[in-house]
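A.B. asks: One structure, as structure tokens, below. Some questions next.
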Amino acid sequence: MTTHHVRVTVNGEVREADVEPRLLLVHLLRDTFGLTGTHVGCDTSNCGACTVHVDGRSAKSCTMLAVQADGAEVRTIEGMADGATLHPLQQAFWDQHGLQCGFCTPGMIMQAAWLLHENPAPSEVEIREGISGNLCRCTGYLNIVKAVQQAAAEMRTASEQPAESAVAS
């Protein structure tokens, strides 16, 4: 069996492994690196439960080979919080009850984070379109949209505060 050595920076930490060429990124993350927040839902990229960021772009890790991520920066749900402080999206999902069973939540948050990076002030329609590749079978999306709206507002306010402080000085 032929293996390939991959080196991936995951959540800021360089990780290395020898992998079979057919190993999917989601399995590298979960089974090799022990980062089980990224979920395997459908293995066909339909549900989005496996969404991560690869080099700053949203990617469904169930349809990406681990060898394709060699040399890449990967961010998973485990890399969203800052220690014990939740990322604004994680907190907003909690505050707005944007989850029920929680299976889709990591992928949904990762997709929403990418959306807010691309568009810090999305409309409700833009949020719905932006998360349309991620399926939730429990919530009906209303509270997920509210959570993204809350996080967007908080993130915009946080990014504006240093500029306001500098002006006030």
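Under the working numbering, the final residue of the sequence shown carries the number 169; numbering is consecutive throughout. All residues carry an ideal CB built from backbone N, CA and C; glycine is no exception.
1) Which residues does DSSP list as the beta-bridge partners of R57?
2) Since F33 and V10 are thought to touch, with beta carbons under 8 Å apart, how far apart are those beta carbons, to the nearest angstrom?
3) Using 10 angstroms around the beta-carbon of P106, count the other beta-carbons present and answer buried if the total reaches 16, otherwise exposed.
4) Can T76 and L29 be called in contact, C-beta distance under 8 Å?
5) If you count every other CB in all the chains shown that lies within 10 Å of the CB of N134, and 16 or more means buried, which is it?
6) At the level of alpha carbons, what is the spacing between G83 and Q161?
7) Under the three-state reduction of DSSP, which class applies to N40: helix, strand or coil?
8) Throw me the rounded Cβ distance for the A92 and P122 pair, which I believe falls under 8 Å.
9) For S45, which residues of its own chain have a beta-carbon under 7 Å away from its beta-carbon, when the five flanking residues on both sides are left out?
10) Which ranges would you report for the beta strand (DSSP E) in the stretch 3-36 if only whole runs of at least 3 residues count?
11) Can you tell me which of the three DSSP states T63 falls into?
12) Could you pull out every unbroken beta strand (DSSP E) segment of at least 3 residues lying fully inside the stretch 80-136, listed in chain order?
13) Measuring CA to CA, which of C136, H27, P88 is closest to C104?
14) Would you give the residue range spanned by the beta strand (DSSP E) that E73 belongs to?
15) Note down, in chain order, each residue of its chain lying with its Cβ closer than 7 Å to the Cβ of H87, except the 5 sequence neighbours on either side.
C.D. replies: This is what the structure gives:
1) V54
2) 6 Å
3) buried
4) yes
5) buried
6) 22 Å
7) In the sequence on display, residue 40 carries Val and not Asn. DSSP places V40 in coil when its eight states are reduced to three.
8) With 8 Å as the limit, A92 and P122 do not qualify as a contact, their Cβ atoms being about 14 Å apart.
9) K60, C62, T63
10) 4-10, 13-19
11) coil
12) none
13) C136
14) 73-75
15) M80, A81
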